[in-house]
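Using full-length UniProt numbering, the first residue of the sequence shown is number 1, and each one after it goes up by one.
Each residue gets a CB set at the ideal place from its N, CA and C atoms; glycine is no exception.
The model shown is predicted, which means the values in this text are computed figures rather than measured ones.
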Amino acid sequence: MSDQQTPETQTTGLAKAYQPSEIETPLYQHWESQGYFAPQGDGEPFSIMIPPPNVTGYLHMGHGFQESIMDALIRYNRMLGKKTLWQVGTDHAGIATQMVVERLLAAEGTNRHELGREKFIDRVWDWKEHSGGQITQQLRRLGASPDWSRERFTMDDGFYKAVQEVFIKLYEDKLIYRGKRLVNWDPKLKTAVSDLEVLSEEENGFLWHLRYPVTDENGKVLQHLTVATTRPETMLGDTAVAVNPNDERYQDIIGKTITLPLVGREIPIIADDYVDQEFGTGCVKITPAHDFNDYEMGQRHNLPMINILDDDANINDNAPEKYRGMDRFEARKQVVADFEAAGLLEKIDDHKLKVPRGDRSGVVIEPYLTDQWYVKTQPLADEAIKAVEDGDIQFVPKQYENMYFSWMRDIQDWCISRQLWWGHRIPAWYDEQGNVYVGRSEEEIRERENIDASITLTQDEDVLDTWFSSGLWTFGTLGWPEQTEFLKTFHPSSVLVTGFDIIFFWVARMIMLTLHFKKEVPFHTIYVHGLVRDSQGQKMSKSKGNVLDPIDLIDGVDLDTLLDKRTSGMMQPQMQKKITKQTKKEFPDGIESYGTDALRFTYYSLASTGRDINFDVGRIEGFRNFCNKIWNAANYVLMNCEGQDCGQDNSTDYELSKADRWIISLLQQTEAAVKEGIETYRFDLATQALYNFIWQEYCSWYLELCKPALNSDDYTDAQKRGTRRTLVRVLETVLRLAHPFMPFITEEIWQKVKGLAAVEGDTIMYATYPQADNSKIDQNAIDDIEWLKVVITTIRNIRGEMNISQAKALPVYFQSTNADNQAKLESNQAFLTKLANLDTITWLQAGEEAPLSATGLAADMDVFVPMAGLIDLDAELARLNKEIDKLEKEVARVNGKLNNEKFVGKAPADVVQKEKDKLSDYQAALAKLVDQREKIANL
1 MSDQQTPETQ TTGLAKAYQP SEIETPLYQH WESQGYFAPQ GDGEPFSIMI PPPNVTGYLH
61 MGHGFQESIM DALIRYNRML GKKTLWQVGT DHAGIATQMV VERLLAAEGT NRHELGREKF
121 IDRVWDWKEH SGGQITQQLR RLGASPDWSR ERFTMDDGFY KAVQEVFIKL YEDKLIYRGK
181 RLVNWDPKLK TAVSDLEVLS EEENGFLWHL RYPVTDENGK VLQHLTVATT RPETMLGDTA
241 VAVNPNDERY QDIIGKTITL PLVGREIPII ADDYVDQEFG TGCVKITPAH DFNDYEMGQR
301 HNLPMINILD DDANINDNAP EKYRGMDRFE ARKQVVADFE AAGLLEKIDD HKLKVPRGDR
361 SGVVIEPYLT DQWYVKTQPL ADEAIKAVED GDIQFVPKQY ENMYFSWMRD IQDWCISRQL
421 WWGHRIPAWY DEQGNVYVGR SEEEIREREN IDASITLTQD EDVLDTWFSS GLWTFGTLGW
481 PEQTEFLKTF HPSSVLVTGF DIIFFWVARM IMLTLHFKKE VPFHTIYVHG LVRDSQGQKM
541 SKSKGNVLDP IDLIDGVDLD TLLDKRTSGM MQPQMQKKIT KQTKKEFPDG IESYGTDALR
601 FTYYSLASTG RDINFDVGRI EGFRNFCNKI WNAANYVLMN CEGQDCGQDN STDYELSKAD
661 RWIISLLQQT EAAVKEGIET YRFDLATQAL YNFIWQEYCS WYLELCKPAL NSDDYTDAQK
721 RGTRRTLVRV LETVLRLAHP FMPFITEEIW QKVKGLAAVE GDTIMYATYP QADNSKIDQN
781 AIDDIEWLKV VITTIRNIRG EMNISQAKAL PVYFQSTNAD NQAKLESNQA FLTKLANLDT
841 ITWLQAGEEA PLSATGLAAD MDVFVPMAGL IDLDAELARL NKEIDKLEKE VARVNGKLNN
901 EKFVGKAPAD VVQKEKDKLS DYQAALAKLV DQREKIANL
């Protein structure tokens, strides 16, 4: 910038105080309105597909962490000049969305059955249009920069076409079939649910010990076998009792039968290695239709599958009449009572057990035998395993491959049907004889199969599992089955960012389906991040009352609102009281506003690969202070450089000082460290390098080191220009370096600084990302300034210890056997005098002594600050006496150890030597302090 710069072209200064709430929303609205998030340019493609959040969802801490990581990767690669696509969208969340709308209908006094399927679906779409997608607005508040113009929904028309094509093709390939198998059944929702939708937590229960009579071929009771169960009602569906084939106690009865109590059915005693002969009595009741392990055993032994429940989990007609129509828990009580009355209840033990409950309904899930649609997964899994083994897909951290392989090599067929109305309806039709026809429409099927119009075809009532449609996410969102330009350009995607808990449910299924239909992998890298926990390492959950909303951390929330969020819906007054108490203790005034950039930087600082994250609000406060530091530094730079010649015109000469060359050198090292951190997914290391450089080096040291050049007449115009040039260039560079992590504050300041740094561009997000240049590293400057920092810090520490005012100019003496120190002292005298506030500097030759002084050691150089006239002698003597007393006690303690024959005789030699070294150090320090006390006493 030249001295002729006019006021109209000067940069407008920043507001005095950093107020994130005033800059973040306007900036985001501008970014989005300008279309900055859409892919641009002709660079190498880089794409990320967002794990689609539920349309009913809200942004929780896990989302905030995950989306922040993806946004950093997108912004980083965008600034590298790549053509970036962050594909955004939401999942229709079959069960969750249907429940939301059903609750709304219940409040109106109606239900979906009264409305009918078609009108109910219309109501869901209305809700989605007006109330759904709250999370996408929250993503904007987090600063996420996906291409909103391409937002997709797993139920939109284009995506439905992809889902339909995949189902039909898998059916034609004999990889989809309909069959009767055991599933997780939610009796409240009346649908099968996935394992991921089942929460198993430990609860107090009972273990009932039931006696089954062993009979001979004539029905005579020979003995009783005792079985233990946590679900007595299921015994109504028992079809065998199993023992271990090696259990000597039961060798003579294997193959005999038991008369099933209360039912009267004869069931066999079978032998199976699965039975643990050391557990309980070594006898296990087998109910293949109501237990997953029993189901597998039933398959092995060809046992009957007797289902004794209906869709509501009430006892059905396969049980004795007495129990029919009973609720399962009511039937449990009756079965136990009947066993006791028959003298067949041996005992009841208290028992802790894992109880599976539906994550949406909260009711106990039942293993249930029912007709469902399945994907035959083994053929698909083989290719998916090979893709990871061959390195086509890489896990970060690598150890998650083992989890993936473990699941995939023991994979079971996948139940893909759900008994819901909201979702992708299964494209299958049935005629009156039960024949199944799969196709895109009834019309297509009639024409293809030549089915007369007089024959009624009925479409399957079920919808597809949400994970089935989201399994097509990487290519379905890009227009498949059409071969669009976006599909050709951005598939396979570059990286998937996900939690380890859905590696099987989503990640593996995407790999299987994509390989089958696209003949390529869906992504090249899978970055697996940890879970976000509270500061104590506890999982964040509504029931624990420790949930944090990232938007509350960004914008702040008062205590009453926070309490309402944490306790609403809790039925137990005791739990409400407990959570209220702990919340008031943790946040007595609610949560203050920290801004988006501080929250995001906190996430990154904790993001080491694969580890769970303990989130402490104290850390975000520290990073808000970091934002303040950057803001204040920028104001300082603008104050000193606006309207000044900053040496950007190459026709004007400038001279870089040692401090300038030092900070430029450290900047190169920081650029390299940040790049390595991002590209190895060590966001914690990247942000640590950035934090240390900005706070410790640029703000704490360089802004001080540049003051002499800015404010003293002892410097030439060229030197002043060099310092101003460095000030603005380093600041502008570091803003670009930090932008992927802190998008708002960097954009706001960059817009004010770019003109001073002679940088062009409409937005920082398309500015070039800094790249380290080793040719700019001046090792001599680094060595000299690092030396200077140590000396200044030593003098400042002496001031602090002696309670000497910072305003008092000090005479300081230096002495060293290293001649380089004298040379460095002379070359850095101006810096040292200014920054340490020195009156005089004296170099002591060998044999010369300083006056009585407070001393310090800077590297291998002694530093002496004379005490005469600078300190309170009485106070200093009191301090020395306190230190001497402390050291005398340590000397006595260590001497006692070393004079103890037992210690010296039994302790390892290295431990004894450490104690001797301690004693020597303590004695030397003590002698030094005693000598200093004597000198002060004689002043």
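Span separating the alpha-carbon of residue i from that of residue j
i, j, result
"residue 560", "residue 590", "8 Å"
"residue 895", "residue 919", "7 Å"
"residue 3", "residue 721", "With a pLDDT of 36 at residue 3, under the threshold of 50, the predicted position of this residue should be treated as unreliable, and no value is reported."
"residue 280", "residue 315", "28 Å"
"residue 650", "residue 660", "17 Å"
"residue 548", "residue 119", "37 Å"
"residue 708", "residue 810", "18 Å"
"residue 132", "residue 55", "6 Å"
"residue 636", "residue 20", "19 Å"
"residue 695", "residue 727", "14 Å"
"residue 6", "residue 643", "Residue placement at residue 6 cannot be trusted, given a pLDDT of 33 that sits under 50; the coordinates are not used to answer."
"residue 33", "residue 741", "22 Å"
Residue nearest to residue i in terms of C-alpha spacing, selected from the options
i, options, result
"residue 460", "201, 473, 437", "437"
"residue 915", "893, 429, 454", "893"
"residue 76", "905, 911, 735, 868", "735"
"residue 31", "310, 714, 148", "148"
"residue 301", "831, 267, 932", "267"
"residue 808", "866, 857, 269", "866"
"residue 345", "335, 354, 353, 351", "335"
"residue 413", "580, 235, 178", "178"
"residue 216", "777, 454, 663, 256", "256"
"residue 28", "450, 764, 107", "764"
"residue 433", "425, 841, 458, 422", "458"
"residue 486", "39, 815, 792", "39"
"residue 870", "851, 858, 706, 888", "851"
"residue 755", "742, 231, 733", "733"
"residue 884", "469, 849, 933, 906", "933"
"residue 58", "96, 33, 528", "96"
"residue 94", "417, 247, 563, 769", "417"
Residue environment, residue i, which counts as buried when at least 16 other CB atoms sit within 10 Å
i, result
"residue 665", "buried"
"residue 1", "Residue confidence is low: residue 1 scores 31 on pLDDT, short of 50, so the model does not pin down where it sits. Its coordinate-derived value is still stated next. Residue 1 is buried by the Cβ-count criterion."
"residue 221", "exposed"
"residue 88", "buried"
"residue 35", "exposed"
"residue 873", "exposed"
"residue 146", "buried"
"residue 878", "exposed"
"residue 588", "exposed"
"residue 780", "exposed"
Contact check, residue i vs residue j, beta carbons under 8 Å
i, j, result
"residue 181", "residue 374", "yes"
"residue 698", "residue 757", "no"
"residue 511", "residue 613", "no"
"residue 396", "residue 525", "yes"
"residue 863", "residue 838", "no"
"residue 188", "residue 355", "no"
"residue 677", "residue 667", "no"
"residue 360", "residue 201", "no"
"residue 426", "residue 193", "no"
"residue 91", "residue 154", "yes"
"residue 638", "residue 13", "yes"
"residue 369", "residue 305", "yes"
Residues bridged to residue i [DSSP beta-bridge criterion]
i, result
"residue 26", "None; residue 26 has no bridge partner."
"residue 186", "191"
"residue 206", "350"
"residue 931", "Its beta-bridge partners do not exist; DSSP assigns none."
"residue 590", "588"
"residue 176", "375"
"residue 213", "224"
Chain B contact for residue i (CB, 8 Å cutoff)
i, result
"residue 919", "Given the protein chain composition of this structure (a single chain), no chain B is represented."
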